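Visitor: Below is a structure I'd like to ask you about.
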Amino acid sequence: MKYIVVTGGVMSGLGKGITAASIGRLLVDMGYKVTPIKIDPYINIDAGTMNPFQHGEVYVLKDGTEVDLDLGHYERFIGVELTGDHNITTGKVYSRVIEKERKGEYLGQTVQIIPHITDEIKSWIRRTASKNDADICLIEIGGTVGDIESMPFLEAVRQMHNEEKEEDFILVHVTLVPLDSGGEQKTKPTQHSVKELRSLGLHPDVIVGRCRERLKESTKKKIALFCDVSPEAVISAEDAEDIYEVPLKFKEEKLDEILLKRLRLDRKKERKEWTDMVKRLKELEKEITIAVVGKYIDVRDAYISIREALKHGGIAAGCKVNVLWIDSEEFEWFDEVEIEADGVLVPGGFGKRGSEGKIKAIEYARVNDIPFLGICFGFQLAVIEFARNVLGLEEANSNELADTPHPVIDLLPEQKNLDKLGGTMRLGDIEVTIKPNTIAWKLYGKDKIVERHRHRYEVNPEYIPEFEEKGIVFSGFSDSGRRMEILELPNRRFFFATQFHPEFKSRPYAPSPPFVGLVKAALSYAEEYGTLAKEAGEGEVKDQIKGREEYQEEN
Ligand code: GLN
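Under the numbering used here, the residue at position 434 of the sequence shown is numbered 629, and the numbers go up by one with no gaps.
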């Protein structure tokens, strides 16, 4: 087994996850089987209870483990499906060690960070690497070198370095090379962080310098000299237009060759899918705009898998997808709203805040026949919108959000008996059966699919006949028909919603069918209405809401 450890210095947010994922991609392209592990030094057992406002998206794996969004980058870049083993947290390591201690497995010894915690970390890494039958195990250590929390993990990899053969273990350190006011590339922060790393007994084999521009030869030489690596092992990582270009940029910097040389491996293959995909991405000429109506739109990373899946849909449909982020809470200020976009997407979510705004957005899309995709909470709110405005059940709601005489979204009877909500979440891969001759069936081209879930509430079975009578087709279901998984309105251009989260299984070269459906419909809408290539840029919140300024003045 070969190990590549990726650490970060200077500050967080340097794109260490993208760097690690891109290294993984380079190795896959050369014919190697890679298994990634993300180490999160926080004490939480997993990311399930973490607030997206603070931490970005919670990504869900096939076994239902809720993890950091970096694992999503790994799955998309490397093309693997991961499990909870691939995410080690301080919480997991300590709880396992404490459990062993209680069972008396340490035979009366004093249980300590070294060797007991570090042994647990090492055996977890090795076990996961061999269980996945990988050639190379890629380990990203979260946080920044020097953080108290990451110390036991750095110590564990230091020990591994000693225990493994020289050609089986390398360390890649990602740092920042800032520009000073005169535009000069400064190497001092890198020097300091490598010094910190060395004081822990670790020495980088490769240094990746994140910089606004390409690193100059003189900068590389200086870093090489002060940090004791060869100049070709200093890799320039300037900002890329799209994250999918990063593996190609690394290749230009010959990182693939450095890795091969240092690990004493040969290039087994020359796979081209990724390069071809990036080429297609860069050649897209048409542009459409999809409005994403959510609660966390100010947090860049909260809907990262949705944003990526839209991009994947665009690569397949042949257009660039701009995202117009709309804060659903602001939608609640007005009686009348208007969305200037070629499609509307309402993503997953929890709780009352902003939910009425999302319902308004769904109504707008349905009434004006704008392509719509609802995901999880977005699916449930589409059911509520339909109940209120088509069935005429004005007070229809979800039992999660309000006490209502018409709980069209509710817990199933067996869930109600459980007194606490924690732990009743339906998580991870679940098989969904698709009804023939529906939109879902055409999109997926199969009768059975497996998609990832993260929810608690369901469409209330009592209301289903009434919904169907008025035109909703529940085209996907699970649990022998007790739970509705997909809904569609056949009389609309594209009105489609899923109880599951298709975004988590979307890949740049294998896009998720519902996203392809939305983007294709939005493209034909844009072509019909001449709204192609609007200037709303990704990440930008354009002033879209009628009367917003007056409202702000009045209040
Ligand atoms: N809050 C809803 C539920 O628990 C939807 C969850 C989601 O969108 N992930 O069922």
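For each residue, glycine too, the CB sits at the ideal point set by N, CA and C. Quick caveat: nothing in here was measured; it's all calculated off a predicted structure.
Helix, strand or coil, according to DSSP, for residue 254 in the structure here?
Guide: Correct three-state label for residue 254: strand.
Visitor: Taking residue 457 and residue 400 to be in contact with their CB atoms under 8 Å, please state how far apart those CB atoms are, rounded to whole angstroms.
Guide: That belief holds up - the Cβ atoms of residue 457 and residue 400 are roughly 6 Å apart, short of 8 Å.
Visitor: To the nearest angstrom, how far is the alpha carbon of residue 580 from that of residue 468?
Guide: Those two C-alpha atoms are separated by around 42 Å.
Visitor: In terms of residues, what are the limits of the beta strand (DSSP E) holding residue 679?
Guide: It spans 678-683 - the beta strand (DSSP E) in which residue 679 sits, taken as one unbroken run.
Visitor: Check each candidate in 541, 575, 623, 714 and name the one with the smallest Cα separation from residue 669.
Guide: Looking at the Cα atoms, 575 is the closest of the given residues.
Visitor: Could you compute how far the alpha carbon of residue 275 sits from the alpha carbon of residue 529?
Guide: Spanning the two alpha carbons is a distance of roughly 45 Å.
Visitor: Within 6 Å: the Cβ of residue 188 and any heavy atom of ligand 1?
Guide: The structure shown does not extend to residue 188, since the chain is modelled only from 196 through 750, so no value can be given for it.
Visitor: Where DSSP assigns a beta bridge to residue 368, which residues make up the other side?
Guide: DSSP lists 202, 402 as partners of residue 368.
Visitor: Hey, residue 583 and residue 591: beta-carbon distance below 7 Å or not?
Guide: Yes, Cβ-Cβ distance for residue 583 and residue 591 is below 7 Å.
Visitor: State the start and end residues of the unbroken beta strand (DSSP E) segment that holds residue 332.
Guide: 331-336 is the span of the beta strand (DSSP E), which, as asked, contains residue 332.
Visitor: Could you name the residues of the same chain whose beta carbon sits closer than 6 Å to that of residue 296, not counting the 5 residues immediately before and after it, in chain order?
Guide: Only 306 meet the Cβ criterion.
Visitor: With a cut-off of 8 Å, do at least 3 Cβ pairs link the segment 630-639 to the segment 565-572?
Guide: No: fewer than three Cβ pairs fall under 8 Å.
Visitor: Return yes when the C-beta of residue 649 is under 6 Å from any heavy atom of ligand 1, and no when it is not.
Guide: Residue 649: yes, Cβ under 6 Å from ligand 1.
Visitor: If you measure between the beta carbons of residue 689 and residue 721, is that distance less than 7 Å?
Guide: No.
Visitor: Given the structure, does residue 691 come close to ligand 1, in the sense that its CB is under 6 Å from one of the ligand's heavy atoms?
Guide: Incorrect: residue 691 has no Cβ contact closer than 6 Å to ligand 1.
Visitor: Please list, in chain order, all residues of the same chain as residue 757 whose beta carbon is under 8 Å from its beta carbon, the five residues on each side excluded.
Guide: In the structure as shown, the chain starts at 196 and stops at 750, and residue 757 therefore has no counterpart that could be examined.
Visitor: Secondary structure at residue 561, three-state DSSP: helix, strand or coil?
Guide: Residue 561: helix per DSSP, three-state reduction.
Visitor: Any beta carbon of chain B sitting closer than 7 Å to that of residue 284?
Guide: Of the protein chains in this structure there is only one, and it is not chain B.
Visitor: Would residue 353 and residue 392 qualify as a contact pair, given that the criterion is a beta-carbon distance under 7 Å?
Guide: No.
Visitor: For residue 724, count the other beta carbons within 10 Å of its own beta carbon; 16 or more makes it buried, fewer makes it exposed. Which is it?
Guide: Residue 724 should be labelled exposed.
Visitor: Kindly give me the distance between the Cβ atoms of residue 403 and residue 369, rounded to whole angstroms, as I take these residues to be in contact under 8 Å.
Guide: Yes, residue 403 and residue 369 are in contact; Cβ-Cβ is about 5 Å, under 8 Å.
Visitor: Does residue 692 come out as helix, strand or coil in the three-state DSSP assignment?
Guide: Strand at residue 692.
Visitor: Using CA atoms only, rank isn't needed, just tell me which of 563, 538, 534, 566 is closest to residue 552.
Guide: Closest by alpha carbon: 534.
Visitor: Can you list, in chain order, the residues of its chain with a C-beta nearer than 8 Å to that of residue 485? Leave out the 5 residues immediately preceding and following it.
Guide: So the list reads 505, 516, 517, 518, 519, 536, 537, 538, 539, 540, 713, 714, 717, once near-sequence residues are dropped.
Visitor: Going by other Cβ atoms of all chains shown within 10 Å of its Cβ, with 16 needed for buried, is residue 206 buried or exposed?
Guide: With fewer than 16 other Cβ atoms within 10 Å, it is exposed.
Visitor: Using 6 Å as the cut-off, classify the Cβ of residue 672 as near or not near the heavy atoms of ligand 1, replying yes or no.
Guide: Result no, Cβ not under 6 Å from ligand 1.
Visitor: According to the neighbour-count rule (16 or more other Cβ atoms, all chains shown, within 10 Å of its Cβ), is residue 693 buried or exposed?
Guide: Buried, because 16 or more other Cβ atoms sit within 10 Å of the Cβ of residue 693.
Visitor: Name the one or two DSSP bridge partners that residue 432 has.
Guide: Residue 432 pairs with 405.
Visitor: Using the C-alpha atoms, what's the distance from residue 411 back to residue 216?
Guide: Approximately 25 Å, taken between the alpha carbons.
Visitor: Drop a sphere of 10 angstroms on the beta-carbon of residue 611, count the other beta-carbons inside from all chains shown, and report buried for 16 or more, exposed for fewer.
Guide: By the neighbour-count rule (16 or more Cβ atoms within 10 Å), residue 611 is not buried but exposed.
Visitor: Given a threshold of 16 other Cβ atoms within 10 Å of its Cβ, counted over all protein chains shown, does residue 214 qualify as buried or as exposed?
Guide: Buried, since its Cβ has 16 or more Cβ neighbours within 10 Å.
Visitor: Identify the continuous beta strand (DSSP E) that holds residue 650 and give its terminal residues.
Guide: Note, residue 650: beta strand (DSSP E), 643-650.
Visitor: Considering only the alpha carbon of each residue, which of 258, 662, 496, 406 lies closest to residue 209?
Guide: Comparing Cα-Cα distances from residue 209 to each of 258, 662, 496, 406, the minimum goes to 406.
Visitor: So, residue 226 versus residue 463, is the Cβ gap smaller than 7 Å?
Guide: Contact flag set, yes.
Visitor: Cβ of residue 571 within 6 Å of any heavy atom in ligand 1?
Guide: Residue 571: yes, Cβ under 6 Å from ligand 1.
Visitor: Restricting to runs no shorter than 4 residues, where is the alpha helix (DSSP H) found entirely within the segment 239-303?
Guide: For the segment 239-303, whole alpha helix (DSSP H) runs of length 4 or above, ordered along the chain, are 247-250, 265-273, 285-297.
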